[in-house]
Amino acid sequence: MADPRFHGSSEPIALARLARIIGASLARAADPEQPVDDVAPLDDAGPEHLSFFDNRKYLDSLRRTRAGAVVLAEGFRDQAPAGAALLVADRPYHAYALAARAFHPIQAVSRPGVSADAHVDAGARLGEGCQVDPGAVVAAGAVIGRRCRIRANAVIGENVVIGDDCDIGATASLSHCIIGDRVILHPGACIGQDGFGFAQGAEGHLKVPQLGRVIVEDDVEVGANSSIDRGSGPDTIIGRGCKIDNLVQIAHNVRLGAGCLIVAQVGISGSTQVGDYAVLAGQVGLAGHLKIGKQAVLAAKSGVHADVPAGETYGGIPAIPIRQWRRMVAAMARLGRDGRGEGG
Amino acid sequence: MADPRFHGSSEPIALARLARIIGASLARAADPEQPVDDVAPLDDAGPEHLSFFDNRKYLDSLRRTRAGAVVLAEGFRDQAPAGAALLVADRPYHAYALAARAFHPIQAVSRPGVSADAHVDAGARLGEGCQVDPGAVVAAGAVIGRRCRIRANAVIGENVVIGDDCDIGATASLSHCIIGDRVILHPGACIGQDGFGFAQGAEGHLKVPQLGRVIVEDDVEVGANSSIDRGSGPDTIIGRGCKIDNLVQIAHNVRLGAGCLIVAQVGISGSTQVGDYAVLAGQVGLAGHLKIGKQAVLAAKSGVHADVPAGETYGGIPAIPIRQWRRMVAAMARLGRDGRGEGG
Amino acid sequence: MADPRFHGSSEPIALARLARIIGASLARAADPEQPVDDVAPLDDAGPEHLSFFDNRKYLDSLRRTRAGAVVLAEGFRDQAPAGAALLVADRPYHAYALAARAFHPIQAVSRPGVSADAHVDAGARLGEGCQVDPGAVVAAGAVIGRRCRIRANAVIGENVVIGDDCDIGATASLSHCIIGDRVILHPGACIGQDGFGFAQGAEGHLKVPQLGRVIVEDDVEVGANSSIDRGSGPDTIIGRGCKIDNLVQIAHNVRLGAGCLIVAQVGISGSTQVGDYAVLAGQVGLAGHLKIGKQAVLAAKSGVHADVPAGETYGGIPAIPIRQWRRMVAAMARLGRDGRGEGG
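Chains as they are written, first to last, in the numbering used here: chain C, 1 to 344; chain S, 1001 to 1344; chain U, 2001 to 2344.
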């Protein structure tokens, strides 16, 4: 289904083998040798495709799909068209992800080698199997691991360290940082520049040297045009497995624990610490010097000015426990419906 | 008036001819052959310039202007200085735009040709009349139409398709996308990278291959450092004539209808659909899987968590009909003035 | 303390000399000749380091520090460990900044010269002592002062003017602008592209030529991936000494006075004027055509739709005087605690 110009051609996989790969059970009498050519969305899939269902909003699409096979949860078996083979999984989206990866392996390097139009300094070191695209710049002292892709017009600054199997996006810019293994930086991401540090004064704002680094641990992904400033003295640290979306701002000295999800346009101010597996929804803003507990969740657009306990969900500006915020919103809506305000 | 270093020199146009070009009527006895050299703002214009008035905030500037000619609406004729020729138009800003375009035609290509310092793969195709600037990278399989400008250090990824008369800004990055005619991408815009798709789990977040594309229809403009992710399976679609400002985030599978105005720092979450000619003001955030109706308007900083009907104006977090929001704000302001809170 | 791979090695400075450099008084009997090797954070410093204390949140760190010397305010002398030399200053952070600059001078150029892999047009002029890194593009007519650094893959457009001692970050993009002395642009910053100007209409949105420039005065700093559009006719002006953080949007015709602090992800709409030394905290949004007075302060996430008087602090959406906003928030929180809403 995927456009082969951009995603390559996938090899067919027999249904039974696919079920094993994705950890699903073949729920309906179906030919275990039935070939599946690729994954596709419910609305677009044909008999040769595997699709998935994981959001009740798309129940109509499930009922109408022409997909040859569908991954879904046990409770929705009756909703799929009679003709479709069913693969039942506890976590259908996770199972779908495994299927998509089976058809389209995630692999940064396509043709190892350094383009004649790349600018790799003689004092830089590249591991085996790297691919450096035209216009990429790798400065002196940089140390890059094995099987990394440095895409077109990316800039790897002096003495930057990058681990194995990383994918550095086009026009990304790195300096003053140590990057782990299997890190993906999308286009335009900026890592390691000066933090926003000034000693304010009526005579002008005195720039404070930013003497730390950015440490990006293994399996991190950073979105397009996001920026992560280096520490002012301590380091800025992005924990293992964090996934950071586009246009996110992470200030100096911030520490993210493992596995945080940071959605687009979030801003985290200086020296704030975020616990493991916290989730910051879109456009959240965090003040500086805070502690956000493990697995805390911050609703979209929250403005956080105080610590948030582990495991709690907060929302609002300023952010408060989400139940309290919902009550407040309901009460405010009543105020709006009263019609006594001058705006009515 | 425009600095000729940056905007070239404009040729004089006689007043009567200018009035015809912009669809205005010459409202005062004036020499129809009076030459106009260029456009200029009310405050800066001299006798050789055409200026415009379209915002009551600048009525003082209108009264004081030294402009030789002014475009304005019928109702403001009396406010202009006696010496100025007047061009009356129903939509003065639109008429001004036509005048500015007459003096300064919008044209991406200035000197056709491929710079010796550009990196155009032998397997890419360029239409006639293109200009490719130094450091630009055009990868294998890319197909670019006629009279396109690919500016310095822009990156056109493998198999990307671009129509005619496009202007791809410096350091912009494109992959996995099909671009129409007369599309303008400003510097740093990132189109086509992976969406933010992970199957979450306590054992880590599993990256889901993003198998769609970005389709950018004709006459779209995308601002500096904005990012548009490709679809996860379906495509991300930017409808004909959409104008997208700077630092905007558009997630995977979003569909914008025709002519939407998306102001700076807006974020649109995955799979949300926005109807034709909707207006999203600055810093608006939309949750995923929503439907925003045609010609809906979302006030600045709104946070939208539910569908918005066509033609309606909503505001607030969460967004509600704007009249209700105004009443609510007025009621809340009364609470603030009461002085009984601990913050007082 | 700073990683020498990224920050170079610092030369030791005797304690008494350091006190003179930073304008502090040596407050405890200490060996004036005691050498200090570098600055370091309280938690990481050793006997060879100078650290600083300026935020009560870190009082425990002060009490436990192993730093050989600490800069602090008079009132906290008793809190520092007995072994540490104390440098007392009225503004400890300012004094620390001077110390950090003494050990790590801020200097853009490290090795003057133009890289063989840079693309400097024959019609561009570079002052003495500049350093142009690989992949940087300097177009025809550009005029660059002395001792400037143009980092890798940055793009300096046609006829752009840059003063002395500027630092233009990797992948930054400049056009239609005049830049002063000692200006720092971080990676990915975009200066001078078209503003978001369209004459709206049901038949489509007509692009309005943007005929102004961006004027960036001396000592300005612009953060990573920020964007500053050029004026539509008037210029966009960034006043002397303004410090702009990452991912900030500044629209056409905006005028910032001297010394403004614009924190990350702020958006300023077209033609708004901001007075000297105003402070806009993170994610603030300003509507267009406003006047924000000198030294006004806008709290994080404020949405500003009306003028703000000089010297006042505003917060909220829409922004109101901060005391009023605090009272309102307190009153709203009581509504949330009442538990009568349907969200409870």
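In this text, a Cβ means the ideal position worked out from N, Cα and C, and glycines have one as well. Note that this is a predicted model, so its numbers are computed, not measured.
Checklist entry - Counting only beta-carbon atoms, is S/Pro1309 nearer than 8 angstroms to chain C? => result Cβ-Cβ to chain C under 8 angstroms: no for S/Pro1309.
Checklist entry - Does U/Leu2126 have its Cβ less than 8 angstroms from a Cβ in chain D? => result Given the protein chain composition of this structure (C, S and U), no chain D is represented.
Item to check | U/Arg2149 in three-state terms, based on DSSP | outcome: In the three-state reduction of the DSSP assignment, U/Arg2149 falls in the strand class.
Next on the checklist: If we require 4 or more residues per run, which alpha helix (DSSP H) segments fall completely within the segment 23-62 of chain C?
Outcome noted: none
Next on the checklist: Could you check whether the Cβ of S/Phe1076 sits closer than 8 angstroms to any Cβ belonging to chain U?
Outcome noted: no
Item to check | 8 angstroms Cβ cutoff met for S/Tyr1096 and S/Val1039 | outcome: yes
Checklist entry - Would you call the segment 206-225 of chain C and the segment 233-242 of chain C in contact, with 3 or more CB pairs under 8 angstroms? => result yes
Checklist entry - How far does the beta strand (DSSP E) with U/Leu2087 in it reach, from first residue to last? => result Ala2085 to Val2088
Next on the checklist: Run through the DSSP bridge pairs and tell me what C/Cys177 is partnered with.
Outcome noted: For C/Cys177, which the question treats as bridged, DSSP gives the partners C/Val214.
Checklist entry - Given a limit of 7 angstroms on CB to CB distance, which residues of the segment 305-334 of chain C reach chain U? => result Those residues of the segment 305-334 of chain C placed with their C-beta closer than 7 angstroms to a C-beta in chain U are Ile317, Pro318, Ile320, Arg323, Gln324, Trp325, Arg326, Arg327, Met328, Val329, Ala330, Ala331 and Met332, ordered along the chain.
Item to check | C/Glu203, DSSP secondary structure in three states | outcome: When DSSP states are grouped into helix, strand and coil, C/Glu203 belongs to the coil group.
Checklist entry - Taking all protein chains shown into account, do 16 or more other C-beta atoms lie within 10 angstroms of the C-beta of C/Gln249, making it buried, or fewer, making it exposed? => result Per the 10 Å Cβ criterion, buried.
Checklist entry - Quick one: does S/Ile1228 have its CB under 8 angstroms from some CB of chain U? => result no
Next on the checklist: Could you tell me the alpha carbon to alpha carbon distance between U/Val2220 and U/Glu2158, rounded to whole angstroms?
Outcome noted: 21 angstroms
Item to check | U/Ile2262, DSSP secondary structure in three states | outcome: strand
Checklist entry - If we count the other Cβ atoms within 10 Å of its Cβ and call it buried at 16 or more, is C/Leu256 buried or exposed? => result Under this definition C/Leu256 is a buried residue.
Checklist entry - How would you call U/Gly2336, buried or exposed, if buried means at least 16 neighbouring beta carbons within 10 angstroms? => result buried
Checklist entry - Residues in the segment 1179-1198 of chain S with C-beta within 7 angstroms of chain U's C-beta atoms, listed in sequence order? => result His1186, Pro1187 and Gly1188
Item to check | Start and end residues, alpha helix (DSSP H) containing C/Ala97 | outcome: Pro92 to Phe103
Checklist entry - Name the chain C residues whose beta carbon is nearer than 7 angstroms to that of U/Phe2006? => result Asn159, His176 and Arg213
Checklist entry - I think S/Asp980 touches S/Asp1167, with their Cβ atoms under 8 angstroms apart; what is that distance to the nearest whole Å? => result Here chain S covers residues 1001 to 1344 and nothing more, so residue 980 of chain S does not appear.
Next on the checklist: I'd like to know whether the C-beta atoms of S/Gly1315 and S/Ser1302 end up nearer to each other than 8 angstroms.
Outcome noted: Cβ atoms of S/Gly1315 and S/Ser1302: closer than 8 angstroms.
Checklist entry - alpha helix (DSSP H) containing C/His7: first to last residue? => result Pro4 to His7
Checklist entry - To which residues does DSSP link C/Phe119 through a beta bridge? => result According to the sequence provided, residue 119 of chain C is His. The question's Phe does not apply to it. C/Val137, per the DSSP bridge assignment.
Item to check | Cβ-based burial, C/Ala82 [other Cβ within 10 Å; buried from 16] | outcome: Classified as exposed, C/Ala82 has fewer than 16 neighbouring CB atoms from the shown chains inside 10 Å of its CB.
Checklist entry - Helix, strand or coil for U/Gln2107 per DSSP? => result coil
Item to check | Contained alpha helix (DSSP H) runs [length at least 4] in the segment 239-291 of chain C, N- to C-terminal order | outcome: none
Next on the checklist: Below 8 angstroms on C-beta distance, what does C/Val216 contact in chain U?
Outcome noted: Residues of chain U passing the Cβ test: none, with the nearest at roughly 14 angstroms.
Checklist entry - Taking the C-alpha atoms as reference points, what is the distance between U/Glu2203 and C/Gly197? => result 48 angstroms
Checklist entry - Hey, how far is the Cα of C/Gly124 from the Cα of U/Ala2102? => result Checking the sequence shown, residue 124 of chain C turns out to be Ala, not Gly. Taking the straight line joining both Cα atoms gives about 30 angstroms.
Item to check | Length of the line joining the Cα atoms of U/Ala2085 and U/Thr2065 | outcome: One Cα belongs to U/Ala2085, the other to U/Thr2065, and the distance between them is close to 12 angstroms.
Next on the checklist: Quick check on this structure: which residue in S/Asp1133, S/Gly1075, S/Val1160 and S/Tyr1058 has the alpha carbon closest to the alpha carbon of U/Ala2139?
Outcome noted: S/Asp1133
Checklist entry - Of the residues S/Gly1188, S/Cys1190, S/Ser1232 and S/Ala1333, which one's Cα is nearest the Cα of S/Lys1207? => result S/Ser1232
Item to check | Proximal residues, the segment 259-289 of chain C versus chain S, C-beta separation under 9 angstroms | outcome: Gly259, Leu261, Val263, Ala264, Gln265, Tyr277, Val279, Ala281, Gly282 and Gln283
Checklist entry - Among the residues of its own chain, which have a CB less than 7 angstroms from the CB of S/Leu1059, if the five just before and after it don't count? => result Gln1079
Checklist entry - Where does the unbroken beta strand (DSSP E) through S/Ala1069 begin, and where does it stop? => result Boundaries of the beta strand (DSSP E) around S/Ala1069: Ala1069 to Leu1072.
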